[in-house]
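**Student:** In my numbering, the protein residues as written are 1467 to 1791.
The C-beta atom is built at its ideal place from N, Cα and C for all residues, glycine as well.
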């Protein structure tokens, strides 16, 4: 049995189905500096042969979008009152905030993100941010555990710092904890987490082995009825310094932003920016390559877009390969 057959059987057993990896086979990129091209083969029962090519990226410069502002200094993140959008779609697993008959993009509405340097901070806030900027991982975990920088601390069971190899070359970043994550204190442990694990295995990596998984916010955001929701601007602003310090301490080779909240927070983009407009190219966060794709929870509701995420993962794999060539 060849490697392709083994992978197909494995993915079928993982309940990923034909809309996930069956439609693509990963071709290991041949890295010849300075040009790197990732080609992904596409096929299904209706089409004899179609080819979808991941955009060519001449690393490290060509094909790369305008770099996002570097995260330093951390005092750029203010604490202000965020606003919630009543009918906004969340990145969470149950999708209960949307009426079932509506066809609304899960990324159509999000809280307004706070842009660096827009507001002045109190002396106390500046001191806290300066402290965070100098913490090691152990100190950072303790600070998150005891954090009261926003109202999410009042309803949490556990903070969810992150999980994996703290010297990992791959860093995957989601939005925030859901109910299962809040209970267990680990990111991506529900159905979306199972799908994420399958996604990682499909490109030859796995949770905890050269992989770290984190979220933008470390506590579970809930609405007045106790249901999951997306974090507000204030909550993102309060937690982002922790994530920035995590990235600085882990020193990954490749970042993968899972969903809109993670992408806009890391790239400091306007809230109207769509995930679809950020896919298929290499962005930069503080000099590190950043790939944007859809959140696994979104894929549970929109399985047809799994093929797009596979293309994004192939691009991330190509980007990673270029750094170790």
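1. Should residue 1708 and residue 1613 be called a contact, given that it needs their Cβ atoms to be closer than 9 Å?
2. With distances taken between CB atoms, is the gap from residue 1741 to residue 1726 smaller than 9 Å?
3. In chain order, what residues of the same chain have a beta carbon less than 7 Å from the beta carbon of residue 1712, not counting five sequence neighbours either side?
4. Provide the residue span of the alpha helix (DSSP H) that contains residue 1664, from first to last.
5. What separation, rounded to the nearest whole angstrom, lies between the Cα atoms of residue 1623 and residue 1762?
6. Helix, strand or coil, according to DSSP, for residue 1721 in the structure here?
7. Assuming residue 1642 and residue 1686 are in contact, meaning their beta carbons sit under 8 Å apart, how far apart are those beta carbons, in whole angstroms?
8. Compute the Euclidean distance between the alpha carbons of residue 1743 and residue 1646, then round it to the nearest angstrom.
9. What are the start and end residues of each continuous beta strand (DSSP E) run of 3 or more residues lying completely inside the segment 1729–1779, in chain order?
10. Check the C-beta distance from residue 1632 over to residue 1598 and give it rounded, since I have them as a contact under 8 Å.
11. Please check the pair residue 1778 and residue 1750, which I expect to be a contact at CB under 8 Å, by giving their CB distance rounded to whole angstroms.
12. Which residue marks the beginning of the beta strand (DSSP E) containing residue 1671, and which one marks its end?
13. Just to confirm before moving on: does the CB-CB distance between residue 1669 and residue 1780 stay below 9 Å?
14. By DSSP, does residue 1621 sit in helix, in strand, or in coil?
15. Would residue 1716 be called buried (16 or more neighbouring beta carbons within 10 Å of its own) or exposed?
16. Does DSSP put residue 1597 in a helix, a strand or coil?
17. Output yes or no for whether 9 Å exceeds the beta carbon distance between residue 1783 and residue 1760.
18. Could you work out which residue in 1720, 1768 and 1601 is closest to residue 1639 when comparing CA atoms only?
19. Pull up the distance between the alpha-carbon of residue 1770 and that of residue 1667, whole angstroms please.
20. To the nearest angstrom, report how far apart residue 1630 and residue 1767 are at their CA atoms.
**Tutor:** Checking against the coordinates, here is how it stands:
1. In contact: residue 1708 and residue 1613 (Cβ atoms closer than 9 Å).
2. Contact: yes.
3. Excluding five sequence positions before and after residue 1712, the CB atoms of its chain that fall closer than 7 Å to its own CB belong to 1606, 1628 and 1680, given in chain order.
4. Boundaries of the alpha helix (DSSP H) around residue 1664: 1657–1668.
5. Approximately 23 Å, taken between the alpha carbons.
6. If DSSP states are grouped into helix, strand and coil, residue 1721 belongs with the strands.
7. Confirmed, Cβ separation roughly 7 Å.
8. Computed Cα separation, rounded: 31 Å.
9. If we require 3 residues or more, the beta strand (DSSP E) runs fully inside the segment 1729–1779 come out as 1749–1751 and 1754–1759.
10. About 17 Å; that fails the 8 Å criterion.
11. Not quite, the Cβ-Cβ distance comes to about 16 Å (not below 8 Å), so this is no contact.
12. Segment: none, residue 1671 is in no beta strand (DSSP E) and carries neither H nor E.
13. Going by C-beta atoms, residue 1669 is nearer than 9 Å to residue 1780.
14. DSSP places residue 1621 in coil when its eight states are reduced to three.
15. By the neighbour-count rule (16 or more Cβ atoms within 10 Å), residue 1716 is buried.
16. Here residue 1597 sits in helix by DSSP.
17. Not in contact: residue 1783 and residue 1760 (Cβ atoms no closer than 9 Å).
18. A check of alpha carbon separations from residue 1639 across 1720, 1768 and 1601 identifies 1720 as the nearest.
19. Each residue's Cα considered, the two are about 20 Å apart.
20. The straight-line gap from Cα to Cα measures roughly 27 Å.
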